[in-house]
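Numbering of the sequence shown is given in my numbering, commencing with residue 1 and proceeding in unit increments.
Each residue gets a CB set at the ideal place from its N, CA and C atoms; glycine is no exception.
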Amino acid sequence: MSVIDIHSHRERRDATVAATFKRGLSSYIGGEFSRARSTSFSIVDPATGEAFAEIESADENIAVEAVRCAEEAGHIWRNRSPRERSDVLKRAFEIMIERRTDLADLITSENGKCTAEALQEVDYAGEYFRWYAEEAVRFPSSSSLSPKGDAHMVVQYQPVGVSLLITPWNVPAAMVTRKLAPALAAGCTVVIKPAAQTPLTALAIAEILREAGAPSGTVNVVVTASSALIVRAMMAERAVRKISFTGSTQVGRTLLSQASSRVLRCSMELGGNAPVIVLDDADLTSAIEGSLIAKMRNGGMSCVAANRIFVARKLYQEFVETYVMRVSSMKSGGGFESLSDFGPLTDGRERDRIHGEVVNWVSKGAKVLSGGYLPEGNGNFYPATTVIDLSEEDQFSDDEIFGPVAAISPFDDSHELVERLNQSESGLAGYVFGERDVSYVTDNLQVGMLGINRGLVSDVSIPFGGIKQSGLGREGGPQGLLEYLQPKVLSSPILKGA
Ligand code: NAD
């Protein structure tokens with residue numbers, strides 16, 4: 001059942017928005033909230049279904065203006081020393097942590113996730129500023145002697161230029177900072193295009209950067225209800241040299257094809273299809289706790305969320321019984337409620353899609369052991385749902401569930417299972433629990449990240465990303481900086497002495 005005290009929920013949400021946006025609520029360009037008038041759209045509270053804020057929707061003129069501001073600011077920002085850029089990022093980290101409660105409330109208001117998870121997201125998002133403040137002063141460079149001994153070769157790195165950062169609604173702070181922090185560390189200026197469902201967090205982060213000392217125009221945010229049109233217009237601008245996108249594989253493909261006409265540098269963090277594999281010698285308690293984290297974190301709305309859970313037949317019955325018992329005690333409720341374990345789905349259409357998927361499985365013979373119904377009342381709530389006995393086709397489907405629904409199936413042979421899973425076109429993350437055969441899975445499962453006896457893979461220090469159709473490039477770690485740098489080779493002759 002969902003729990004929500006509607007009056008205190010509204011009060012906290014509206015107070016947060018009013019306190020955060022004293023300067024306006026529109027796109028953020030050249031250090032100002034845009035004064036150009038355009039049509040507006042509503043931001044809807046996932047917990048109540050109410051429109052709680054109206055925001056201007058940028059048109060093409062506003063979007064192009066944002067690119068021009070970023071281009072102009074680029075001349076200043078790229079010439080700041082690495083130490084100066086590092087200091088701005090460090091200050092942004094400090095401000096973010098000072099404001100962690102307000103930012104978390106903003107995330108809960110527009111995305112729906114619980115306060116505890118929103119606070120975790122703010123901390124995680126802030127870590128990208130801290131990490132890249134540290135990386136900013138460790139610019140890569142190398143030198144070598146040509147094999148013939150006739151030239152010195154120096155490889156230096158320069159910022160790629162104006163970068164377009166397009167982010168999804170499921171993690172509205174960290175998906176922004178994971179791109180923004182390395183871009184700024186590298187000396188790039190940016191235009192952020194957040195998802196229409198969750199633009200407020202991105203705007204608040206841009207304001208933090210202004211306060212931290214980033215020159216006007218270094219960070220711009222274009223908010224729009226017409227993403228396809230506006231992104232296309234910005235990609236056509238000569239100054240844009242790079243696009244970094246996090247979102248669905250389908251939109252990623254469209255953007256890759258659009259980017260080809262100007263041969264833009266692309267980083268793509270796309271959809272996942274993470275399997276959980278519980279081997280026959282796994283510790284059942286840690287396999288269940290790890291699976292719950294991998295499945296239920298962020299209400300299942302995560303690209304690295306467990307999509308399907310496969311359990312060795314020997315452990316299957318006990319795993320399913322205990323998992324259902326644990327998950328049935330989890331409460332979906334308003335994010336500000338202390339009793340909630342997870343919030344509503346961010347988007348109402350997503351809830352309908354997910355429920356439709358469960359109904360479809362059941363029509364083919366699957367059994368629902370928990371949840372599986374549309375709750376009455378307002379908001380996009382959906383209960384923690386467990387489904388077994390899926391058809392073979394649905395067990396190995398590439399479709400992302402992206403919600404609090406676990407599909408559990410037994411398996412007999414882990415090698416055959418891995419072979420079958422590798423037929424997937426996705427390859428973002430996976431999880432394995434067990435001992436003896438773990439190294440077989442780590443060596444052979446085709447994914448970019450693998451949790452071993454652990455339901456978590458994300459961390460600021462790692463190159464986060466996937467293989468196959470889950471993406472191109474990496475975010476985080478030292479590798480994340482390289483996505484915003486281009487090498488330049490300087491070759492000079494060696495004049496032989498006597
Ligand atoms: P989405 O692809 O619908 O939207 C992502 C962003 O692209 C949003 O800002 C949206 O407004 C914009 N957009 C949509 N259509 C566009 C178009 N035609 N042209 C330009 N921009 C467009 O994705 P979503 O529903 O917001 O997010 C969920 C998806 O994101 C899932 O597939 C999830 O796996 C993926 N995701 C991946 C990662 C990762 O790191 N690999 C992280 C988080 C989410």
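- Pairwise C-beta distances place the region 29-46 out of contact with the region 168-183, as fewer than three of them are shorter than 8 Å.
- Sequence-distant partners of G271 (beyond 5 residues in either direction) whose C-beta falls short of 7 Å from its own C-beta, in its chain, are S248, T249, C303, E400, S426 and S470.
- Following the DSSP letters along the chain, one finds F319 in no beta strand (DSSP E) but inside the alpha helix (DSSP H) bounded by residues R313 to S328.
- In the three-state DSSP reduction, I494 falls in the coil class, being neither helix nor strand.
- Looking at the DSSP output, K242 shares a beta bridge with S163 and R265.
- In the displayed model, M449 falls within a strand according to three-state DSSP.
- The residue among A239, P410 and R262 with its C-alpha nearest the C-alpha of Q317 is P410.
- In the DSSP assignment, Y128 falls outside any beta strand (DSSP E) and within the unbroken alpha helix (DSSP H) covering T115 to E135.
- At a cut-off of 7 Å, the beta-carbon of F41 does not count as near the ligand NAD: no heavy atom of the ligand is closer than that.
- Pairwise C-beta distances place the region 203-217 out of contact with the region 145-160, as fewer than three of them are shorter than 8 Å.
- The beta carbon of I76 lies closer than 6 Å to those of P215 in the same chain, with the five residues before and after it left out.
- In this chain, the beta strand (DSSP E) harbouring T385 covers T385 to I388.
- Close CB contacts of V44 within its chain, under the 6 Å cut and outside five residues either way in sequence, are with A51 (chain order).
- Within its own chain, the residues whose Cβ lies closer than 8 Å to the Cβ of V64, once the five positions on either side in sequence are excluded, are A233, M234 and E237, listed in chain order.
- Annotated as proximal: L292 and R326, with beta-carbon spacing under 8 Å.
- The Cβ-Cβ distance between A47 and P275 does not fall below 8 Å.
- In this structure, the ligand NAD has a non-hydrogen atom nearer than 7 Å to the beta-carbon of V171.
- For E54, the enclosing beta strand (DSSP E) begins and ends at A51 to E56.
- By the Cβ-count criterion, L490 is exposed, with fewer than 16 other Cβ atoms from all chains shown falling within 10 Å of its own Cβ.
- A Cβ-Cβ distance of about 5 Å is found for the pair A66 and V191, placing them in contact under the 8 Å criterion.
- N298 sits in a helix when the DSSP states are folded into three classes.
- Bridge partners of V67 according to DSSP: none are assigned.
- Take the alpha-carbon of E321 and the one of C266: they are about 45 Å apart.
- The criterion of a C-beta distance shorter than 8 Å is not satisfied by V231 and I288.
- According to the DSSP assignment, A104 belongs to the alpha helix (DSSP H) that extends over R100 to N111.
- Looking at the DSSP output, F41 sits in a beta bridge with I55.
- In the DSSP assignment, S226 falls outside any alpha helix (DSSP H), carrying neither H nor E.
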